[in-house]
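In the UniProt record's numbering, the protein residues as written are 1 to 1234.
Following this line, the structure appears as structure tokens:
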């Protein structure tokens, strides 16, 4: 927390820091100046003020927010809970008297305050800025008020409810604020947390001023503006009417909001960070001011007027301040639809400071839930020194329908004459026998010809409690959402079920309550609908058990195709309202069942869409058959399942190519159901390595398929529309792509339709490259266009008779591994422009390419498809290795030429792809009989041999035994420094293949036998070691690793303790290290103190091995680790290493049954309290304490008669390992018998 010395507490406090502003303030113009909005959801400008900075920023919002120059807010403390205050701005220098940062973020300007968004600085300046940067032209409403900076919003503009509540408590308890400004818009899940703190602050004498919010329309006020105890402020525009986006009530609790308006459109205020950019032209920080719009700024204006009023009359509490502000506000002119959005009107500082007559500003009747009349009183007070004669008129409208309801409100007196100082009450009666709805009105009167009004509001209706019951007993419904709206489009909100219920305040019209959820027990997707009219408190039950089954029955499909997996189920309810279409949708991935249930409703349509597949191995859409099914019912009252049979479906076969072995695209199935309002289904799934897929759909479904991968996305065409009889089946994304053109010359005008990256299958490919198309006439370029669109049209090129037309297309695919660059040139000689046929290129296809667009090495057959095949005079194919930069018709260096011949439905040629090449580039030239030519080139047209693996590398090789045989059916492990190892088995020829993530280092380890079956179980001595380190590899490239495993030595490890007893449960770690890598196994000794791998006794190892033995963590062993290295070079058939573990030594203890006795009296020595972890071997007794052993026993006790006099007997405890411990007792006193 950054703290500035605080002013003394109490109403009369003065801020010494303000003295320096006296001269500035004497020059300030205290008119209605600057106000702004920026909140957790800021709206409006933020633009600079610029050259007109000295103009009155609020001339168009002429509310008199401070016309009384005697009041400045001095002695009043206002806490601004916002994004921080940058008091490095001249207008705010010395204005902040206390500061706290509750965001937990690191302050960027701790000496001046932190305000990344600029919002808090702006509203603080509108409220209490000095105007120093504008010679007072843009001073705040209350420049004498002390500001407390309570930072609750960090750079992202978010603050949770708990932080806002903490800020309110700090402002009141710690900073002793008189006014708390909350220019916030919160739509969080716990508004009660803030509302309770607002009421708490109000009870402690602080007025809380809150913005209404910028969400527009009825029932849109946001927290904290929803708090009953807050003075909620909406925004007025320059004409003094309600700003179009200013929110208004009623709130969910039925409260009338806002109570007041203030200017909030195009307001000037200080810009945070002013001067940080050095003041250079064009830098936003060079302008000290900005303009903003919204209810946040309006709230700051109102809070400023409240500060003026608190200074002028320190005895006014929060309720009295609010009454004065609302009771003296100017009614909004022309507000024919009542006062729902306008409240009592626009704040008027002059009238508030010198009111003459003060009345209640707002009469909020809350909820009227029956037909009985409601009576209230309003108070009017004459604070003037002369009599005022007042005439009152009441008006009322249904704010939802606009219908007048003046007859429903009446006053017991319409005229009052008030003497100076007189107070009077006026009875107000509202008839509850009106149609349901939200009502707003006013009790209008005038004071000295100036209009005033008391806003009146209430909700005729009641609170609707919705109980939601699950389909399966005990299943959860909490957290499910309810969508509530009216057929008349007067009310819409979303609720969440908590403890089985949710509630809302209903007004007029027919209400529709919808909910959707998933029954966990059955997996069913359940949609619920209920319609009702509300005339009082009502309870509605949404019971999932009362729904009926809908959706599809795919049993017949499973009979033909086998079990089907549920990839996605999307269902929606749709109905029409006066305002348009309401829709509630629910989508479930990998659902357990296909059951969808709905409520019967006479006016709700229902649509269910399914994405099903034949069985796959995982989440990828790697299935041979894909099904898009739907069921639509116009009214759910007729809902029933739809049976889908194979013959009902339309089928499309997709063939999809790719450019790498490992990177496969995602597929998006875009589906919609014709003639419904169900929306469009958009689901992305990994495609896996599936290259051929059939998609079936019910006839009413429109289906599009899109693919994406880093660097590109593609929209596929329907193959059945593109396939040519006799031509190889089209495959989307089959390389090479070529640039194709359609050239049309009509009536002396040429038009070109270009596809810079054409796969021959109609795919629209969006690559991260810019394409270019140019059209030349007789060698002069007449039109050019650049674009990244998959199709580029160039038209309107004039062509004269006999003039030649040349088209050039350059395609760029920089992040593609194939077809990285295309170029096509079409030249139409003069006679062709008159309409003769031209063999325009349509497709170039590899006949034997793999799904990963690889062919060769060796002979690669190519087919070329053109238009107007009969017009072809000659055709040539060129090829070169690698990525060609220049086409062969420009420079043939490095290109090999092959003539193309005529084949069935196309031209044919064969090129030779060398084994050393990674890619091959292709070029084709077709000459027409007329002399026109078509030339095309594709760089990196196809892979040679095998497509690359971009994210993994292969570590492959062959293992042999010492006698030359294959090390078959064994295991090879690639262990990275972090992460899971990769495991592979050797084949019958000893060969293995590991695919590992690239650019990592791996230790390669060999294991005899199948790792997952516990190793090999050879009955005879194995010919290869149990495990062996194969060294370390760096997976930057594919690696070939061939090894001959050395002949193993039978190796036994025997572990005993110091007693010679076999040590069970000791940990034995054996490591073989070679080639900067280590292969380790960890074993546990058996009851014989030995270890083994597999079914053969002992271990079979080769090379130097490091053996580490750790003692068991149990008695009698001492925690210890033994280690040694053993060389196993195969020169001996068997080797044994023995390890002896240390045992814990004994601890002796000795006691005696008596220490004083008469001569001849026996005593017992007892050593049973001794601790002997290794077990006792014997007890050696020195009975007379002379250092010699007098007796040896197996038992820990012995009985004897001590000698006359004084002795110190002792015992030596010997354990099974021969370790000893001594203990002495005494002295023992023996006396003669008297």
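The beta carbon of each residue, even a glycine, is placed where N, CA and C say it ideally should be.
Keep in mind that this is a model prediction, so the values were computed, not measured.
Counting pairs of beta carbons, one from the segment 947–964 and one from the segment 863–872, are three or more of them closer than 8 Å? The segment 947–964 is not in contact with the segment 863–872.
Residue 640 versus 595, 646 and 549, residue with shortest Cα-Cα distance: Here residue 640 refers to the residue found at position 640 of the chain shown. Nearest Cα to residue 640 within the set 595, 646 and 549: 549.
For the candidate residues 929, 1047, 1030 and 1045, whose alpha-carbon lies nearest to that of residue 1039? The count along the chain shown starts at 1 and reaches residue 1039 at position 1039. Here the closest residue by C-alpha is 1030.
Roughly how many angstroms lie between the CA atoms of residue 587 and residue 850, to the nearest whole one? One-based indexing of the chain shown puts residue 587 at position 587. One-based indexing of the chain shown puts residue 850 at position 850. Cα to Cα, residue 587 sits roughly 37 Å from residue 850.
Would you decide whether residue 779 is buried or exposed? Buried here means 16 or more other CB atoms lie within 10 Å of its CB. The residue labelled residue 779 in the question sits at position 779 within the chain shown. Classification of residue 779: exposed, given that the 10 Å Cβ count is below 16.
Distance, residue 792 Cα to residue 927 Cα: For the purposes of this step, residue 927 is taken as the residue at position 927 of the chain shown. For the purposes of this step, residue 792 is taken as the residue at position 792 of the chain shown. Cα to Cα, the separation comes out at about 25 Å.
Are the CB atoms of residue 485 and residue 367 within a distance shorter than 9 Å? Numbered from 1 along the chain shown, position 367 holds the residue referred to as residue 367. Numbered from 1 along the chain shown, position 485 holds the residue referred to as residue 485. Not in contact: residue 367 and residue 485 (Cβ atoms no closer than 9 Å).
6 Å CB neighbourhood of residue 463 in its chain, flanking five on each side removed: Residue numbering aside, residue 463 sits at position 463 when the chain shown is read from its first letter. Result list for residue 463: 503, 505 and 537, in chain order.
Where does the unbroken beta strand (DSSP E) through residue 601 begin, and where does it stop? Taking the first residue of the chain shown as 1, we reach residue 601 at position 601. Boundaries for residue 601: no beta strand (DSSP E) harbours it, and the DSSP string shows neither H nor E there.
Secondary structure of residue 647, DSSP reduced to three states: Position 647 of the chain shown, counting from 1, holds the residue named residue 647. Collapsing the DSSP output to three states places residue 647 in a helix.
What is the DSSP secondary structure of residue 200, reduced to helix, strand or coil? Sequence index remark: in the chain shown, residue 200 carries index 200 (1-based). In this structure, DSSP gives residue 200 a helical state, which the three-state scheme calls helix.
Quick check for students: name the residue ranges of the beta strand (DSSP E) that lie wholly in the segment 386–430, counting only runs of 3 or more. Complete beta strand (DSSP E) runs here, min 3: 388–391, 393–398, 409–411, 415–418 and 423–430.
From which residue to which residue does the beta strand (DSSP E) around residue 168 run? Within the chain shown, numbered from 1, the residue matching residue 168 stands at position 168. First-last for residue 168: 161–169, but that is the alpha helix (DSSP H), not the beta strand (DSSP E).
Whole runs of the alpha helix (DSSP H) within the segment 281–367, excluding any shorter than 4 residues: Taken in chain order, the unbroken stretches of alpha helix (DSSP H) that lie wholly in the segment 281–367 and span 4 residues or more are 295–312, 318–327 and 349–353.
Residue 737 - containing alpha helix (DSSP H), residue span: Here residue 737 is taken as the residue at index 737 of the chain shown, counted from 1. Segment: none, residue 737 is in no alpha helix (DSSP H) and carries neither H nor E.
Look up residue 805 in the DSSP assignment and give the residues it is bridged to. Here residue 805 refers to the residue found at position 805 of the chain shown. In the DSSP output, where bridge partners are listed per residue, residue 805 has 777 and 828.
Where does the unbroken beta strand (DSSP E) through residue 1180 begin, and where does it stop? For the purposes of this step, residue 1180 is identified with residue 1180 of the chain shown, where counting begins at 1. Unbroken beta strand (DSSP E) run through residue 1180: 1176–1182.
Tell me, which residues are paired with residue 1028 by DSSP? By one-based count along the chain shown, residue 1028 stands at place 1028. Bridge partners of residue 1028: 1006.
CB-CB under 6 Å to residue 698, same chain, minus the five flanking residues each way: which ones, in chain order? What you label residue 698 is simply residue 698 of the chain shown in a count that begins at 1. Within the same chain, Cβ atoms closer than 6 Å to the Cβ of residue 698 are found at 629 and 630, the five residues on either side in sequence being excluded.
Three or more C-beta pairs closer than 8 Å, one from the segment 318–330 and one from the segment 152–165: is that the case here? Segments in contact, no.
Secondary structure at residue 954, three-state DSSP: helix, strand or coil? Along the chain shown, read from residue 1 onward, the residue named residue 954 stands at position 954. If DSSP states are grouped into helix, strand and coil, residue 954 belongs with the strands.
Taking DSSP as the reference, what is the three-state secondary structure of residue 260? Against the chain shown, residue 260 aligns to sequence position 260. Residue 260 falls in the strand class under three-state DSSP.
Given this structure, state the Cα-to-Cα distance separating residue 645 from residue 626, to the nearest angstrom. In the chain shown, counting from the first residue as 1, residue 645 sits at position 645. In the chain shown, counting from the first residue as 1, residue 626 sits at position 626. Each residue's alpha carbon lies about 14 Å from the other.
Relative to the alpha-carbon of residue 116, which residue among 87, 130, 1084 and 1216 has its alpha-carbon at the smallest distance? Counting from one through the chain shown, the residue named residue 116 turns up at place 116. Comparing Cα-Cα distances from residue 116 to each of 87, 130, 1084 and 1216, the minimum goes to 87.
Considering residue 119, what are the terminal residues of the alpha helix (DSSP H) in which it resides? Taking the chain shown and counting its residues from 1, the one referred to as residue 119 is at position 119. Start and end: 119–128.
Cutoff 7 Å; reference residue 417; Cβ partners in own chain excluding five residues on either side: For the purposes of this step, residue 417 is taken as the residue at position 417 of the chain shown. If we look at residue 417 and ignore the five residues flanking it on each side, its Cβ neighbours are 387 and 389.
So, with DSSP's three-state summary, where would you put residue 274? Taking the chain shown and counting its residues from 1, one reaches residue 274 at position 274. When DSSP states are grouped into helix, strand and coil, residue 274 belongs to the coil group.
May I ask which residues mark the beginning and end of the alpha helix (DSSP H) holding residue 558? One-based indexing of the chain shown puts residue 558 at position 558. Note, residue 558: alpha helix (DSSP H), 555–561.
Same chain only: Cβ atoms within 6 Å of residue 175, ignoring 5 sequence neighbours per side: Counting from one through the chain shown, the residue named residue 175 turns up at place 175. Once the five neighbours on either side are set aside, the close Cβ partners of residue 175 are 79, 98 and 148.
Spatial neighbours of residue 1120 in its chain, beta-carbon cut-off 8 Å, leaving aside the 5 residues before and after: Indexing the chain shown from 1 puts residue 1120 at position 1120. Counting only Cβ-Cβ distances below 8 Å, and skipping sequence neighbours, we find 1110, 1111, 1141 and 1142.
Inter-residue Cα distance where the pair is residue 1218 and residue 1054: Taking the first residue of the chain shown as 1, we reach residue 1218 at position 1218. Taking the first residue of the chain shown as 1, we reach residue 1054 at position 1054. Cα to Cα, the separation comes out at about 21 Å.
Would you please state the rounded distance, in angstroms, between the beta carbons of residue 595 and residue 517? I believe it to be under 8 Å. For the purposes of this step, residue 595 is taken as residue 595 along the chain shown, with counting starting at 1. For the purposes of this step, residue 517 is taken as residue 517 along the chain shown, with counting starting at 1. Taking a contact as a CB-CB distance under 8 Å, the pair residue 595 and residue 517 does not count as one, their CB atoms being some 13 Å apart.
For residue 951, which residues from the same chain have a beta carbon less than 7 Å from its beta carbon, with the 5 sequence-adjacent residues on both sides left out? Start at 1 with the first residue of the chain shown, and residue 951 comes out as number 951. For residue 951, where only same-chain residues beyond five positions count, the Cβ hits under 7 Å are 662, 663, 997 and 998.
Three-state class that DSSP yields for residue 91 in the structure shown: In the chain shown, counting from the first residue as 1, residue 91 sits at position 91. For residue 91, the secondary structure class from DSSP, reduced to helix, strand or coil, is helix.
Roughly how many whole angstroms lie between the Cα atoms of residue 514 and residue 576? As a working mapping, residue 514 is identified with position 514 in the chain shown. As a working mapping, residue 576 is identified with position 576 in the chain shown. C-alpha of residue 514 to C-alpha of residue 576: approximately 14 Å in a straight line.
So, residue 270 versus residue 72, is the Cβ gap smaller than 9 Å? Indexing the chain shown from 1 puts residue 270 at position 270. Indexing the chain shown from 1 puts residue 72 at position 72. Residue 72 is positioned such that its CB atom lies no closer than 9 Å to that of residue 270.
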